[in-house]
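Everything below concerns the one structure shown next.
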Amino acid sequence: MTLLHWAVLSPFIAAILIPFLYKYLKRIHTGWFVFILPLVLFIYFLSFIPRTSSGEAILNNLDWVPSLGINFNVYVDGLSLLFALLITGIGALVVLYSIYYLSKRKEKLNNFYVYLLMFMGAMLGVVLSDNLIVIYVFWEVTSIASSLLISYWYTREKSIYGAQKSMYITVFGGLSMLAGFSLLYIIAGTFSIRELVANADIIMASSLFIPAMILVLLGAFTKSAQFPFHIWLPDAMEAPTPVSAYLHSATMVKAGIYLVARLTGVFGGAPEWFWIITAAGLITLIWGSISAVRQKDLKGILAYSTVSQLGLIMSLLGAGSAAFYFQDGDSALYMTAILAAVFHLINHATFKGSLFMAVGIVDHETGTRDIRKLGGLMTIMPVTATISLIGLASMAGLPPFNGFLSKELFLTGMLNVTEYGIFNLEAFGFIIPIIAFIASVFTFLYCILMFSKTFMGKFDISKLKVKHVHEAPAGMLISPVILAVLVIVFGLFPNLLAYSIIEPAMAAIAPGILSPGEFFDVHITHWHGFSAELFMTIGIIVLGVLLFMTFKKWENTAFYRGEKDLFNAAYDYGYDGLIKGSQGLTRIQMTGRLRDYFIYMCTFIILIMGYTMYRYNLPLIQNLDLSPIPIYTWLVISVFVGSILTIPFLNNRIAIIITTGVSGFLVALLFVLFRAPDLALTQLLIETVSVVLFMLVFYHLPKLKKVKTPPRMKTIKLVISIGFGLMITLGSLSAFSMGQEANYESISEYYTENSKEKAGGYNIVNVILVDFRGLDTMLEVLVVSLAVLTVVSLIRLRFKGGEDV
Amino acid sequence: MELLMSIVIGIIFSVSIYLFMSKNLLRVAVATLLLSHGVHLLLVTMSGLQRGASPILSFDAEAYTDPLPHALVLTAIVISFAVTALLLVMSYRTYKVHKTDDLEKLRGSADE
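Going down the list, the sequences are from chains H and X. According to the working numbering, the first sequence holds residues 14 to 818 in order. According to the working numbering, the second sequence holds residues 7 to 118 in order.
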């Protein structure tokens with residue numbers, strides 16, 4: 014265990030302590046204790062920057078299950094560090110914000126912070142592990158923590174719905190991903206990502222390459238809310254706003270991005286990888302941005318906007334993966350896409366985090382997030398309005414904010430794709446920048462809509478539930494202000510990040526492209542001259558403004574009035590169908606009829622035994638060493654079989670009992686013939702008692718009715734019972750013949766040899782029962798006494814006013 | 007002998023399974039009893055029959071029949087007796103409470 018391991022595990026340890034702090038230090042808001050941890054971790058991770066920016070990577074090993082190749086190896090390189098900084102940095106700000114957002118009197122803070130810390134730890138685990146299985150474990154913990162946080166206000170039906178939805182979708186993806194990881198293990202024989210990257214050629218050549226890739230991508234796409242799995246994210250907005258700001262914009266949803274970025278080294282270069290990711294990203298981008306325009310809930314807008322921005326980053330990673338196709342040559346062409354992805358990842362975390370917090374403030378102060386009820390808040394909440402303006406302008410891609418820079422880079426990346434000249438891009442490539450352009454127009458549109466509807470126009474208090482609206486307390490503003498300042502700082506001085514954070518992350522995403530000692534060229538500027546990107550940006554602004562000006566005209570169209578996502582219906586339908594289907598299946602299967610259960614069980618036993626015997630050519634009858642049959646046994650056995658066969662035909666109670674008794678006594682006789690005196694004695698004794706018991710009970714039971722079974726049922730019963738009997742006969746013979754074939758020394762020999770010496774008894778069976786296996790016999794006595802107790806209480810038990818005997 | 011006994015055991019099982027699928031509680035109780043007979047004989051048969059003296063050392067024989075299945079079966083006989091007794095008393099109580107011994111009518115409600 015190194016310090017890095019402890020860093021990953023520290024949130025979990027803190028999570029254990031939190032409930033105690035909450036319970037015994039009620040006067041201080043629990044958030045203050047929590048706040049320390051991400052802050053310390055953030056500073057700790059900052060200290061890695063000098064090492065990663067020089068191209069170094071830190072690997073600390075810790076064996077977990079070495080025999081299965083599962084080791085908790087912590088690996089820090091540029092990409093991991095970028096995510097670790099986001100997780101702890103945004104985490105610290107969110108905790109600080111939550112201290113003012115969640116009241117210490119009304120809310121169950123212990124639950125909240127335990128889940129939040131659990132999430133933080135799991136997320137650090139995902140981004141800092143080198144082992145796929147460890148990643149998977151932490152991945153699922155993030156899913157669980159996320160649904161716990163979404164359902165934090167668990168009395169609300171919508172919270173539960175949203176939590177379930179996110180859980181089902183992300184866990185489905187997680188399990189697919191596990192299957193994909195297993196396939197990778199089958200191909201390359203390792204779970205270590207570094208070793209997988211080293212063996213990328215073998216993986217690429219394998220026939221399991223495509224299945225493994227698709228399964229892994231399912232995991233990434235469900236987590237990162239890519240189309241059509243994006244539907245869980247808008248419903249996840251039922252979570253408290255700090256959670257939305259943290260999990261559902263800055264960190265968890267980026268786990269999928271992380272996975273794709275991390276595994277680009279393994280899968281990158283394949284046309285399938287390029288097409289699936291680019292296409293999924295672009296569809297998500299445009300679907301999310303158009304859906305966002307339709308939303309009336311502020312958080313709904315942000316949710317769809319997050320979906321769309323995640324699609325943007327995803328498509329960039331897809332485009333960048335082409336770098337692996339040209340192992341050598343000019344890397345600038347496609348590395349721009351990766352540069353844009355990394356830069357936008359950081360920018361998105363800053364502006365979306367601040368926007369979520371601003372929306373949280375609006376919600377907190379006005380009691381609503383419905384843009385139809387809000388308006389004119391600019392003068393009332395000037396700071397919040399400024400934060401929102403900065404965030405939205407950055408998201409819309411306006412200079413001089415950081416969003417403008419990454420948007421330009423994104424457009425460059427998308428334009429570059431058309432110049433690749435691979436993967437049939439000559440034919441369809443031109444669509445890619447067009448989609449990017451249209452999506453950007455809608456992004457611009459919802460940004461203006463969101464700002465104007467909330468902060469401009471007329472303020473109407475009568476639509477709100479609260480009496481007074483005022484600016485949020487200073488404490489609540491700290492975090493969004495910090496993020497907004499970062500938006501401006503990164504916007505004005507992008508090169509602060511260039512070689513400290515972005516370049517190492519790029520090098521980690523695209524390993525092996527550079528020779529050692531080389532660095533990618535990261536040069537981010539505002540002014541590129543009159544390039545295509547600039548004209549596209551101008552076009553976006555013009556079209557966006559035009560659409561906004563004509564808002565009145567399309568306000569009442571069906572497009573704007575509805576806000577439901579088509580795919581929600583599919584999910585709800587599927588969910589209901591699943592429940593109804595399983596209920597139906599259960600109803601067919603669980604009929605409550607003993608007969609049906611027997612039919613199912615026996616059919617399966619017959620099929621399984623039959624197949625096994627067929628498969629292994631059993632029983633081996635040829636060389637059976639059978640013992641001779643003495644004449645008198647024929648007599649005993651024929652009477653025995655006769656009595657047994659009569660039983661089903663009898664309709665008289667006493668006749669059935671007597672015949673059963675007869676067969677029981679004949680079993681005792683058979684035991685005598687088989688030289689088992691102890692068995693014969695026991696059987697005689699028990700059979701006598703059984704018959705007496707039957708006689709006693711039968712007196713109280715009604716007469717047997719002659720039952721008419723429909724012929725079809727009768728045939729089924731006959732076939733199953735005879736088939737079962739046949740299987741048992743064959744099974745018995747197989748067991749006997751295999752016992753002879755195997756030639757093992759039976760453990761019975763031990764008992765025969767030692768019964769006199771060690772236990773001092775001559776009757777071996779008795780010695781086994783009371784001496785060698787004495788404990789078993791004692792437990793058997795326990796079973797029998799339990800049965801006796803039950804019998805006694807069943808006979809004596811009377812319901813109130815019930816029957817008498 | 008083993009072949010013959012295997013067939014006999016098959017017959018016992020067939021009859022027992024057939025009775026299990028009837029609607030009447032008493033028949034089910036009898037089926038349980040028969041099934042345990044079948045299992046006991048099966049255990050004894052599997053190790054081979056009549057291959058030596060009774061497993062009592064004072065006989066001083068060269069070979070004894072396998073004592074282990076005997077020990078197993080002895081335990082099983084006692085347990086199956088407990089099961090049968092419990093089943094019988096249960097069917098008695100069931101009849102007293104529900105006034106029927108028809109398993110079809112004892113199914114409970116459809117939604118369970």
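C-beta atoms are modelled at their ideal positions from N, C-alpha and C, and glycine is treated no differently. What you are looking at is a predicted structure, and each value in this text was computed from that prediction instead of being measured.
Is residue i near the ligand SAM, with its Cβ less than 7 Å from a heavy atom?
{"i": "H:SER640", "result": "With respect to small molecules bound, the structure shown includes none, and the ligand SAM cannot be examined in it."}
Under 8 Å, do residue i and residue j count as touching if we go by C-beta distance?
{"i": "H:LEU209", "j": "H:VAL320", "result": "no"}
{"i": "H:THR183", "j": "H:THR235", "result": "yes"}
{"i": "X:THR38", "j": "X:ILE15", "result": "no"}
{"i": "H:PRO253", "j": "H:ALA371", "result": "no"}
{"i": "H:GLY104", "j": "H:PRO51", "result": "yes"}
{"i": "H:GLN327", "j": "H:PHE280", "result": "The amino acid at residue 327 of chain H is misidentified as Gln; the sequence shows Met. Not in contact: H:MET327 and H:PHE280 (Cβ atoms no closer than 8 Å)."}
{"i": "H:LEU368", "j": "H:THR379", "result": "no"}
{"i": "H:GLY655", "j": "X:ILE17", "result": "no"}
{"i": "X:LEU109", "j": "H:ARG606", "result": "yes"}
{"i": "H:ILE777", "j": "X:TYR70", "result": "yes"}
{"i": "H:LEU141", "j": "H:SER93", "result": "yes"}
{"i": "H:VAL127", "j": "H:ILE49", "result": "no"}
{"i": "H:PHE417", "j": "H:VAL500", "result": "no"}
{"i": "H:LEU228", "j": "H:SER179", "result": "no"}
{"i": "H:PRO446", "j": "H:THR431", "result": "yes"}
{"i": "H:PHE242", "j": "H:ASN144", "result": "no"}
Under the rule that 16 or more other beta-carbon atoms within 10 Å means buried, what is residue i, buried or exposed?
{"i": "H:VAL818", "result": "Residue placement at H:VAL818 cannot be trusted, given a pLDDT of 45 that sits under 50; what the coordinates show is reported in the next sentence. Classification for H:VAL818: exposed."}
{"i": "H:ALA27", "result": "buried"}
{"i": "X:ASP117", "result": "Confidence at X:ASP117 is low in this model, with a pLDDT of 49, below 50, so its placement is unreliable and the value that follows should be read with caution. When all chains shown are included, X:ASP117 counts as exposed."}
{"i": "H:TYR271", "result": "buried"}
{"i": "H:THR349", "result": "buried"}
{"i": "H:ASP578", "result": "buried"}
{"i": "H:ASP248", "result": "buried"}
{"i": "H:LEU559", "result": "exposed"}
{"i": "H:GLY587", "result": "exposed"}
{"i": "H:ASP376", "result": "buried"}
{"i": "H:GLY736", "result": "buried"}
{"i": "H:GLU251", "result": "buried"}
{"i": "H:TRP300", "result": "buried"}
{"i": "H:ARG169", "result": "exposed"}
{"i": "H:TYR645", "result": "exposed"}
Which stretch, first to last residue, makes up the alpha helix (DSSP H) that contains residue i?
{"i": "H:LEU16", "result": "16-37"}
{"i": "H:TYR165", "result": "H:TYR165 -> no alpha helix (DSSP H), and no H or E assigned at all."}
{"i": "X:TYR24", "result": "8-26"}
{"i": "H:TYR113", "result": "91-114"}
{"i": "H:ASP310", "result": "Note, H:ASP310: premise wrong, no alpha helix (DSSP H); not H, not E."}
{"i": "H:TYR613", "result": "607-628"}
{"i": "H:PRO517", "result": "516-522"}
{"i": "H:LYS476", "result": "Segment: none, H:LYS476 is in no alpha helix (DSSP H) and carries neither H nor E."}
{"i": "H:PHE464", "result": "444-468"}
{"i": "H:SER750", "result": "724-755"}
{"i": "H:PRO641", "result": "Here H:PRO641 belongs to no alpha helix (DSSP H), and DSSP marks it neither H nor E."}
{"i": "X:LEU32", "result": "31-52"}
Could you spell out where the beta strand (DSSP E) holding residue i opens and where it closes?
{"i": "H:ASN73", "result": "71-73"}
{"i": "H:VAL78", "result": "76-78"}
*Counting pairs of beta carbons, one from the region 784-804 of chain H and one from the region 14-21 of chain X, are three or more of them closer than 8 Å?*
no
*asked:* I want to know whether the region 47-55 of chain X touches the region 88-101 of chain X - three or more CB-CB distances under 8 Å.
replied: no
*Three or more beta-carbon pairs under 8 Å between the region 532-541 of chain H and the region 507-521 of chain H, yes or no?*
yes
*Is it true that the region 120-139 of chain H meets the region 214-225 of chain H, where meeting means three or more beta-carbon pairs spaced less than 8 Å apart?*
no
*Is there contact between the region 107-115 of chain H and the region 17-26 of chain H, where contact requires at least three CB pairs shorter than 8 Å?*
no
*With 7 Å as the limit, tell me which residues of the region 735-747 of chain H have their beta carbon closer than that to any beta carbon of chain C; keep them in chain order.*
In the displayed structure, chain C is absent; the protein chains listed are H and X.
*Can at least three beta-carbon pairs, one atom from the region 36-44 of chain H and one from the region 482-490 of chain H, be found at a separation below 8 Å?*
no
*For the region 217-260 of chain H, which segments carrying the alpha helix (DSSP H) assignment without a break, of at least 4 residues, lie completely within its bounds, in sequence order?*
222-236, 245-248, 254-258
_Closer than 8 Å is the cut-off here; do at least three beta carbon pairs connect the region 56-65 of chain X with the region 773-789 of chain H?_
yes
*Jot down the residue ranges of each uninterrupted alpha helix (DSSP H) in the region 324-388 of chain H, minimum 4 residues, whole runs only, in chain order.*
345-379
_Quick test of the definition: if touching needs 3 or more C-beta pairs under 8 Å, does the region 448-467 of chain H touch the region 77-90 of chain H?_
no
*Ranges of the alpha helix (DSSP H) found wholly within the region 35-66 of chain H, counting only runs of at least 4*: 44-59, 62-66
*Is the region 607-619 of chain H touching the region 257-276 of chain H in the sense that three or more CB pairs, one from each, lie closer than 8 Å?*
no
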